[in-house]
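What follows is one structure encoded as structure tokens, with my remarks underneath.
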Amino acid sequence: MKFGVVVFPGSNCDRDMYDALAYDLGQDVTMLWHKDKDLSRFTTEDCIILPGGFSYGDYLRCGAIARFSPMMQSVIEFAGKGGKVFGVCNGFQILCESHLLPGAVLRNKNQQFICKNVYLTDHTNKVYKIPIAHGEGRYYADEKKLDELEKNGQVIYRYCDEFGTINDEGNPNGAMRNIAGICNATRNVFGMMPHPERACSDVLGNTDGREIIRTLLMQEQLVH
Amino acid sequence: MIYSVQVKVMPLKELLDPQGKAVMGGLKNLGIGTVEDVRVGKNITLQINAASPDEAKQIAEEAGKKLLANPVMEYFEININ
Chain A
1 MKFGVVVFPG SNCDRDMYDA LAYDLGQDVT MLWHKDKDLS RFTTEDCIIL PGGFSYGDYL
61 RCGAIARFSP MMQSVIEFAG KGGKVFGVCN GFQILCESHL LPGAVLRNKN QQFICKNVYL
121 TDHTNKVYKI PIAHGEGRYY ADEKKLDELE KNGQVIYRYC DEFGTINDEG NPNGAMRNIA
181 GICNATRNVF GMMPHPERAC SDVLGNTDGR EIIRTLLMQE QLVH
Chain B
1001 MIYSVQVKVM PLKELLDPQG KAVMGGLKNL GIGTVEDVRV GKNITLQINA ASPDEAKQIA
1061 EEAGKKLLAN PVMEYFEINI N
């Protein structure tokens, strides 16, 4: 499979994502400019990534302007055909603003930009240590939508403590039901606030992110 | 004719507004302690070229729905001067 990483004005984790995929995971990666529209070299087996950063200066709302960029029109179409799309941090915000994922991402409960390692757990109860770096990461959807997400198994990562207990202490930003990452109903669009690409290299002392990228994007059978 | 249209965008009433909470803390520190609640939103001014105030309002409504506010977390109100 091939990967494409979209570069918006203000993206600042695009190179980290490229390096993690190309050098730590040995994948075929291309950078995609936001003003281009051409995704013809990608098939629905491939994956388009929306990286972290501050696209369009976070003006209006995080991700609100990026949604209208030419490349995003192609990405929305690609997702509609069943292609894999993965958004990290600002990429997650863009996916919510684009209605590719439900809900919204709000300002952190404590009003601060938080940059630190946190713990996440998935449906297997495995615990991952992954860094976060965001000021607007508090996932929100109404109760009905949250129930629906849980029922469909669309909540893919939750914040937890280092032992894997999902509690308030492990929730850095006040996200509803400790939600750190979700997918869409058809399980081809994924978004998460934490940065797995920053935890893929041995020299960084943490490679938990490799497993997240492999599990989410590189398995035939998508996670449930 | 050009109409000046104000779009007020506010966080939904049921949502926690940490920015408003921080501002309220500041007011309390200043000695303005009788403020019970603060919520912070945005005011966006649009200069709209339209044939009538109704048309200008309709255009502002569309802008509000499609871009200026995110209905998952915000509501908006329109005012034409």
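Line by line, the protein sequences give chains A and B. Position 25 of the first sequence, counted from 1, bears residue number 25 in the working numbering, the numbering being contiguous throughout. For the working numbering, add 1000 to where a residue sits in the second sequence, where the first one is 1. All residues carry an ideal CB built from backbone N, CA and C; glycine is no exception.
Heavy atom of the ligand ATP within 7 angstroms of Gly80 (chain A) beta-carbon: The ligand content of the structure shown is nil, which means the ligand ATP is not present either.
Inside the segment 132 to 189 of chain A only - alpha helix (DSSP H) runs reaching at least 4 residues: 143 to 151
Cα-Cα separation, Gly174 (chain A) to Gln1058 (chain B): 37 angstroms
Close beta carbons around Leu216 (chain A), own chain, < 6 angstroms, minus the five adjacent residues each side: Phe190
Beta-bridge pairing of Asn1043 (chain B) - partner residues as DSSP gives them: B:Lys1008
Segment contact flag, the segment 40 to 49 of chain A with the segment 113 to 132 of chain A, C-beta cutoff 8 angstroms, min 3 pairs: no
Chain-ordered neighbours of Leu1015 (chain B) on chain A, where CB pairs are closer than 9 angstroms: Leu106 and Tyr140
Contact under 8 angstroms by Cβ, Pro172 (chain A) with Ile114 (chain A): yes
Cutoff 8 angstroms; reference Ile65 (chain A); Cβ partners in own chain excluding five residues on either side: Ser55, Tyr56 and Tyr59
3 or more residues per run - each beta strand (DSSP E) lying fully within the segment 34 to 74 of chain A: 47 to 50
Run of the beta strand (DSSP E) containing Phe113 (chain A), from where it starts to where it stops: Unbroken run through Phe113 (chain A): none, as it is neither H nor E.
Gln111 (chain A): contacting residues in chain B (beta-carbon distance under 9 angstroms): Pro1018, Gln1019, Lys1021 and Ala1022
Exposed unless 16 or more other CB atoms sit within 10 angstroms - verdict on Gln154 (chain A): buried
Any chain A beta carbon closer than 8 angstroms to Asn1081 (chain B): no
CA nearest to the CA of Phe8 (chain A), picked from A:Ala20, A:Ile49 and A:Asp28: A:Ile49
DSSP three-state assignment for Lys1021 (chain B), whether helix, strand or coil: helix
Cβ-based burial, Gly4 (chain A) [other Cβ within 10 Å; buried from 16]: buried
Interface residues of chain B facing Glu97 (chain A) [CB-CB closer than 9 angstroms]: Asn1070
Test: Ala64 (chain A) CB closer than 8 angstroms to a CB of chain B: yes
Cα-Cα separation between Gly137 (chain A) and Gln93 (chain A), rounded to whole angstroms: 8 angstroms
Under 7 angstroms from the C-beta of Arg177 (chain A): neighbouring residues of chain B: None at all; the shortest Cβ gap to chain B is about 15 angstroms.
Sheet register partners of Gly4 (chain A) (DSSP bridge): A:Thr30 and A:Ile48
Contact with chain B by Met193 (chain A), beta-carbon distance below 8 angstroms: no
Whole-angstrom distance between Asp14 (chain A) and Cys200 (chain A), CA atom to CA atom: 14 angstroms
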